[in-house]
Amino acid sequence: MIKAIFFSEFHPTLGPKISYQVPEDYVSKEIFDAVSVYIIPKEQLDSCIITVNVLGHKITGYPVRISDEKYPRNFLIFNLCFVCDSDARTVQYELVVRKLAEHLVTLEVEQNFLSTESNSAKLPKILGQILSDLNRGGLCTVTVGTSTLHLKVIQVAAEPPLVFDHHVPVFTSEFSPLKQDYWDLTTKQVLPYIDGRSHVARVAIEADVDIGLVKACIQNLLYYGVVQLIPIFQYSNMYAATPKLRELPMNSDLSRECIAFVAKSDRHPPSFRDVFQMYCGMTYGTTIRDLCLRFNPHALRIDEHRLVQFGVLQGIIRRICKYPVYKPETQRGSHKKQMTSLHRLCTGVASYDEICCRTGLSYHELDDKIEADVDICVLWK
Amino acid sequence: MDVNPLAVILVENGSKGDRLLFRYPYDTQATPNFAKRTRAKQLQTPYPQISAEDMQKTSAAYSSTISGSVHSFPSKVLSNLFAVKSELCGKKFEIKINDIRFVGHPLLVYHQGEGKSAGSSQESILSFNVVFALKASASHAVVDCYHEVSKRIAAALWHEERRVAYLSEEAKVMTSTQDDISSELPDDPLDVPYHLILQRSQLARDLRRVYEDLQISGKIHLRINRWILISCCLPQKIYHLLDPGLIIEPADIHACMEALRPYHAILLLGDKEKIINNLPLDSSPALKRLINLANPLKSLQTLAADADLTLSHVFQLVGHMLYFGHATIIYPLCDSNVYVLAGSANTSPQSKLADVFSEMFNSACLIQIMSEFSVPVSLSQRRNPLATPEQESEEIKIIIWMLQHHLLIQLHTYVHIVTRVTFASRQSTPDDLNAGSSLTRMPSDSDMASVISDEALSSPPSHKSISSKAPLCKYFRGKHHLEEIMYLENVRRSDLLHLIDKFRTILITFEHEDSACSVFYKNSTT
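First to last, the protein sequences are chains A and B. Residue numbering for the first sequence follows the working numbering, starting at 27 and increasing by one per position. Residue numbering for the second sequence follows the working numbering, starting at 428 and increasing by one per position.
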């Protein structure tokens, strides 16, 4: 949230000063004097993005110096700064501030925009427009004379995790991907196949797009928080409760959302007790198949697939994955056995899902092979 | 890792203006780097030409992307930035230039109106600032930790300056060295004075030590002017050294302290002797006593009694030990504890831990033991009735070792009461259900009491009066695990299990880890 925008310059006789500010007097004269050395810095720091966080304000600026003999001191220094609260994040505004400053440089060089009083008087109006537009939608289009400038605030998020073949992308909340005209062509081709059930490899085949491209698209969607990755749903999967499960009965919003999400039909939602009981039943050694046999979710009007999906998305439960580890018995190793390709995959880092995707085996085929092999031991975590 | 400092800088603002007194590390190859710099972004022309003029106004060339360091900033620029106006003194000072963040805590030596006593020399220091340079990507918590370090050093210097004018003396040494060099060698080889200053000034050596300690161990323990103690640490760094996958912020430790209860125990992360030897000489005797008596079988309450300390004092010491990475929190080892392989455990047989493990426990295989803990097992289930006492103690040692390395996590059983009210509401309209009025109603004590009284009528009371168990129902909200209920109500596990079994139609149990312990299992991979 931008609190204020000000335009400051180095006045030939008065020194650093704020020429224009919206809203007026948000940054007081005293505060500006204390930080002016960072707003109008030494020439070595020109064209650097400088963010100073003192006295309760976080001020991001990009000081610019234009050298020309027409100016009283042979140069013009100005800095257009965004002011935020001291605990706010400002990384996303840095590029906007720089683009704006560079645009002003162009305007000044071409039209003397800043140095003529009649022109620069338009600045407060422009600053006001930028302030309100960026705070509202993160987008702003500024027109000065004949030139137009487009500004966009791009949220800087953490690096998205790597996408693997066996991950299942699922849309977060009520995102309607098909209405958006916003994505690139490849993403548009992939989006219809993201249904919360198909894994990445399958999405790639169904959408007829190269799997590398699909992964890149999904990683991009992850960055924007449009999708989340969950494990493949299988009846042989195991899940365990996390401490967040305790919140479910306490938080009425969450439990209402949960019931609506897991219901088989909207007209007959399941009872909370049954839903909660099924979540509580998820523990080590209990597969979804066992749970279904025990509770018969169909009769309880619960969609077990959506139950698991909701739990994983909300962090109520977490998947317990199976990791085979190849561990040859050395003592009876008179005849050294050939290491098969399967053994090479059993590093303790790759889970069953990953190996299944790599080898194309089904869960049961892989399980049979690994059960039969004495040199592989299996870890659950 | 963004925790490491890039540089430490000392700046004074005196009667003669601002001056950079010392910076570490200084650039040993300043000149070649300078030539290599290219402007990251050219404003005027899209085709940058390296010209003499361009070298003078390097501007964006200070972007640290080239060498990832702060060497590219000339001393004059830094001193101008960090010798702050008096309005900014006594507060946190933070400035980010491109991708380097500087954090410090400037202090005024004498407050306004509080003049220095007459007769002192003309060159007095008005304010000073100890600044750390960090990567801009360092998290908020890391920046706060560095601010704390800077503040402590500044406070110590402030005190010593007012006591014996220590900073003025050191500053004189530093400035005279700089002046000597610049008068002898006017060609300005950037690094030479700092090298000499290190030899001549105690404060410069102290600052170098701060930098190196933060870089290597994350712990600082030194005395400014051999008088004022500075002892602090960066928990992020310490835990990173213990386990590279572990990201522990001070907020996590505070969360753990919030969840800490007297029935928890501490598990030392290293050898007892080693921890005590690494403590400073004048450390609290209570801390030493606590470490000596620490035992994974003893709860904090017992420990407090044994060490003859109050429980709140023990909690404070435990908080300290967690902050310095000496210990972790567990539930005291006992037969009924259920352990399972932690989700964050590294299961690669090639890992360093596996090698260390087989070295420690006569070539036992870590993967084998881990696979035995793939399903939750209690210690009593693991006990082999035929095992010799040696084997049993070995077994316990293995479990302790695995807990120390966060490979195992304990599962606790939580109980939640769900009344049958929900069944009655099945006939109600869907609107009611959607509103969630009856579904999410919290079962009240009276519900439980009525069920209990029904049961009491239908079946003869067992070995204990059932009415005595009614107060327990306030724990059946899923907030307390069985061990906690046992502690709070002083009941036996068998009684509790009996009760849960008896009311299993309305009591749902579920298992997960304790929130006090789980913060130490956070892993970057999960």
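Cβ atoms here follow ideal geometry from the backbone N, Cα and C, with glycine treated the same way.
What first and last residue would you give for the alpha helix (DSSP H) that runs through K55 (chain A)?
The continuous alpha helix (DSSP H) containing K55 (chain A) extends over residues K55 to I65.
Contact residues within the stretch 387-405 of chain A, judged by C-beta distance below 9 Å to chain B: Hits within the stretch, in order: C403, V404 and L405.
| request: Using alpha carbons as the reference points, say which of B:S628, B:I608 and B:E587 lies closest to V600 (chain B). | output: Cα-wise, what sits closest to V600 (chain B) is B:S628.
(Q) Applying the 10 Å Cβ sphere with the 16-neighbour rule, what's the burial state of Q47 (chain A)? (A) With 16 or more other Cβ atoms within 10 Å, it is buried.
### Task
Could you tell me whether any Cβ in chain B is nearer than 7 Å to the Cβ of C318 (chain A)?
No, its Cβ sits nowhere closer than 7 Å to a Cβ of chain B.
As an exercise, report each continuous alpha helix (DSSP H) stretch of at least 4 residues that is fully enclosed by the stretch 771-810 of chain B, in chain order. DSSP assignment within the stretch 771-810 of chain B yields the following whole alpha helix (DSSP H) runs of 4 residues or more, N-terminal first: 779-787, 793-799 and 806-809.
| Comparing alpha-carbon positions, which option in A:T213, A:E128 and A:P350 lies nearest H176 (chain A)? | When each option's Cα is compared against that of H176 (chain A), the closest is A:E128.
Taking Cβ positions only, does G311 (chain A) come closer than 7 Å to chain B? Output row for G311 (chain A): interface = yes.
**Interface flag, I680 (chain B) vs chain A, CB-CB below 7 Å** = Taking Cβ atoms only, chain A never reaches closer than 7 Å to I680 (chain B), which makes this a no.
Spell out whether any CB of chain A is found under 7 Å from the CB atom of P776 (chain B).
Against chain A, the CB of P776 (chain B) has a partner CB under 7 Å away; the residue lies at that interface.
Just to confirm, is the Cβ distance from A581 (chain B) to H532 (chain B) under 7 Å? Yes, the pair counts as a contact, with Cβ atoms nearer than the cut-off.
- Going along the chain, which residues of the stretch 510-537 of chain B sit with their C-beta nearer than 7 Å to a C-beta in chain A? Flagged, chain order: K512, E514, L515, K518, F520, E521, I522, K523, I524 and N525.
Segment contact flag, the stretch 335-344 of chain A with the stretch 251-261 of chain A, C-beta cutoff 8 Å, min 3 pairs:
With a cut-off of 8 Å, the stretch 251-261 of chain A and the stretch 335-344 of chain A count as touching, because enough Cβ pairs lie within range.
Using a Cβ-Cβ cutoff of 7 Å, what residues of the stretch 685-702 of chain B are near chain A? List them in chain order. Taken residue by residue, none of the stretch 685-702 of chain B has a beta-carbon sitting less than 7 Å from a beta-carbon on chain A.
ask   = To which residues of the same chain is Y88 (chain A) closer than 6 Å at the C-beta, ignoring the five residues directly before and after it?
value = By the criterion of a C-beta distance shorter than 6 Å, Y88 (chain A) is surrounded in its chain by I75, V123, R124 and A127, once the five residues flanking it on both sides are discounted.
(request) Grab the span of the beta strand (DSSP E) containing T604 (chain B) for me, first residue to last. (result) For T604 (chain B), there is no enclosing beta strand (DSSP E); the enclosing alpha helix (DSSP H) covers residues Y593 to E611.
I552 (chain B) and E439 (chain B) look like a contact to me (Cβ under 8 Å); what is the Cβ gap, rounded to whole Å? With a beta-carbon spacing of about 5 Å, I552 (chain B) and E439 (chain B) fall inside the 8 Å limit used to define contacts.
**Asked** Does any CB atom of chain B fall closer than 7 Å to the CB of V196 (chain A)?
**Response** No - not a single Cβ of chain B is within 7 Å of the one on V196 (chain A).
Checklist line | Straight-line Cα distance separating T268 (chain A) from E283 (chain A) | finding: Straight-line Cα distance between these residues: approximately 18 Å.
Bounding residues of the beta strand (DSSP E) (the contiguous stretch that carries H740 (chain B)): For H740 (chain B), there is no enclosing beta strand (DSSP E); the enclosing alpha helix (DSSP H) covers residues L738 to Y750.
Item to check | Cβ shell of W654 (chain B) (< 7 Å), same chain only, five flanking positions each side left out | outcome: In the same chain as W654 (chain B), and ignoring 5 residues on each side of it, the C-beta atoms closer than 7 Å to its own belong to E587, in chain order.
Kindly identify the DSSP beta-bridge partner or partners of Q47 (chain A). Beta-bridge pairing links Q47 (chain A) to A:F32.
Quiz item: In three-state DSSP terms, what is R446 (chain B)?
Solution: Strand, per DSSP.
Item to complete: Compare the Cα-Cα distances from L623 (chain B) to each of B:T604, B:R636, B:V637 and B:L630 and report the closest residue.
Response: For the residues B:T604, B:R636, B:V637 and B:L630, the minimum Cα distance to L623 (chain B) belongs to B:T604.
Checklist entry - Three or more C-beta pairs closer than 8 Å, one from the stretch 176-192 of chain A and one from the stretch 53-62 of chain A: is that the case here? => result Cβ pair count under 8 Å is below three, so no.
Under 7 Å between C-beta atoms, does L724 (chain B) make it to chain A?
-> Cβ-Cβ to chain A under 7 Å: no for L724 (chain B).
Item to complete: Tell me whether the beta-carbon of P776 (chain B) lies closer than 7 Å to the beta-carbon of V351 (chain A).
Response: Cβ atoms of P776 (chain B) and V351 (chain A): closer than 7 Å.
Please state whether the Cβ-Cβ distance between E521 (chain B) and N105 (chain A) is less than 7 Å.
Contact: no.
* Asked: What residues are listed by DSSP as bridge partners for V196 (chain A)?
  -> DSSP, once it has assigned bridges, lists A:Q254 as partnering V196 (chain A).
> With 7 Å set as the bound, which would you pick, yes or no: does the beta-carbon of A60 (chain A) sit closer than that to a beta-carbon of chain B?
Replying inline: So, interface residue.
Task: Host beta strand (DSSP E) of H907 (chain B) (start-end) - done: Segment R904 to H908, the beta strand (DSSP E) holding H907 (chain B).
List, in order along the chain, the chain A residues whose C-beta lies closer than 9 Å to that of A772 (chain B)? Those are L405 and K407, listed as they occur along chain A.
The alpha helix (DSSP H) that contains V78 (chain A), what's its start and end?
Membership of V78 (chain A) in any alpha helix (DSSP H) is not indicated; the residue belongs instead to the beta strand (DSSP E) covering I76 to V80.
query = Using Cβ-Cβ distances below 9 Å, what residues of the stretch 73-89 of chain A are close to chain B?
reply = Of all residues in the stretch 73-89 of chain A, only S73, C74, I75, I76, T77, V78, N79, V80, L81, K84 and T86 come within less than 9 Å of chain B when Cβ atoms are compared, listed by chain position.
- Query: Nearest chain A C-beta to V802 (chain B) closer than 7 Å, yes or no?
  - Reply: When Cβ-Cβ separations below 7 Å define contact, V802 (chain B) makes contact with chain A.
Starting from R282 (chain A), follow the beta strand (DSSP E) in both directions and report where the run begins and ends. No beta strand (DSSP E) holds R282 (chain A); the alpha helix (DSSP H) holding it covers S278 to V288.
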